[in-house]
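Presented below is the structure to which this report refers.
Residue numbers (this note's numbering): 1 to 136.
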């Protein structure tokens, strides 16, 4: 029974590292990088007010860091409980997840979608659509 449970925990660590931990951490990193720069560009274009960005963005950053730290702590804990294979399963899957989902931290249409979802009530839609049409 011990071998089966080790296998199941390894599979769970692998899936959790790839599908949850890697995208969550990359999203938190993008909040401090590309999303912050895009929000600044939108303020400069007049799409959204600086007050709205100052009100919403720090909350998103704090939440992103807390959630990322929590899921990473869970992964490390489960990997430590099933060491040494837990580290291999969870670690390799997380690294592969970083490589797969690296477009989260790049300036692309995903950045635009996340900005639209965040500031949909506070932005000038016409200016936003014009900016998107000219730049994407």
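Where is the CB? At the ideal position from N, CA and C, for every residue including glycine.
Same chain only: Cβ atoms within 6 Å of residue 90, ignoring 5 sequence neighbours per side: Numbered from 1 along the chain shown, position 90 holds the residue referred to as residue 90. Closer than 6 Å at Cβ, skipping near neighbours: 13, 17, 75 and 79.
Hey, would you say residue 116 sits closer than 8 Å to residue 35, going by beta carbons? Along the chain shown, read from residue 1 onward, the residue named residue 116 stands at position 116. Along the chain shown, read from residue 1 onward, the residue named residue 35 stands at position 35. Result no, Cβ atoms of residue 116 and residue 35 do not sit closer than 8 Å.
If you reduce the DSSP assignment to three classes, tell me which class residue 54 lands in. Here residue 54 corresponds to residue number 54 of the chain shown, with the count starting at 1. Three-state DSSP puts residue 54 in a helix.
Tell me which same chain residues have a C-beta within less than 7 Å of the C-beta of residue 71, skipping the five on either side of it? Counting from one through the chain shown, the residue named residue 71 turns up at place 71. Excluding residues within five positions, the ones whose Cβ falls inside 7 Å are 20, 21 and 24.
Whether residue 31 touches residue 49 by CB criterion (8 Å): The sequence position of residue 31 within the chain shown is 31, counting from 1. The sequence position of residue 49 within the chain shown is 49, counting from 1. Their beta carbons are not under 8 Å apart, which means residue 31 does not touch residue 49 by this criterion.
Coil, strand or helix - residue 38 by DSSP: Here residue 38 is taken as the residue at index 38 of the chain shown, counted from 1. The answer is helix: DSSP assigns residue 38 an H, G or I state.
What span of residues does the alpha helix (DSSP H) with residue 27 cover, start to end? For this step, residue 27 is matched to residue 27 along the chain shown. For residue 27, the enclosing alpha helix (DSSP H) covers residues 22-32.
Give me the Cα-Cα distance between residue 6 and residue 95, rounded to the nearest whole angstrom. Residue 6 sits at position 6 when you count from the first residue of the chain shown. Residue 95 sits at position 95 when you count from the first residue of the chain shown. Going by the C-alpha atoms only, they are around 21 Å apart.
Determine the DSSP secondary structure at residue 79, reduced to helix, strand or coil. Residue 79 sits at position 79 when you count from the first residue of the chain shown. The answer is helix: DSSP assigns residue 79 an H, G or I state.
Go ahead and pull the three-state DSSP assignment for residue 124. As a first step, residue 124 must be located in the chain shown, where it is residue number 124. Note: residue 124 maps to coil in three-state DSSP.
Can you tell me whether residue 104 is buried or exposed? The criterion is at least 16 other CB atoms within 10 Å of its CB, across all chains shown. Mapped onto the chain shown, residue 104 falls at position 104. It is buried - the Cβ of residue 104 has at least 16 other Cβ atoms within 10 Å.
Helix, strand or coil at residue 129 according to DSSP, with G and I counted as helix: What you label residue 129 is simply residue 129 of the chain shown in a count that begins at 1. The answer is helix: DSSP assigns residue 129 an H, G or I state.
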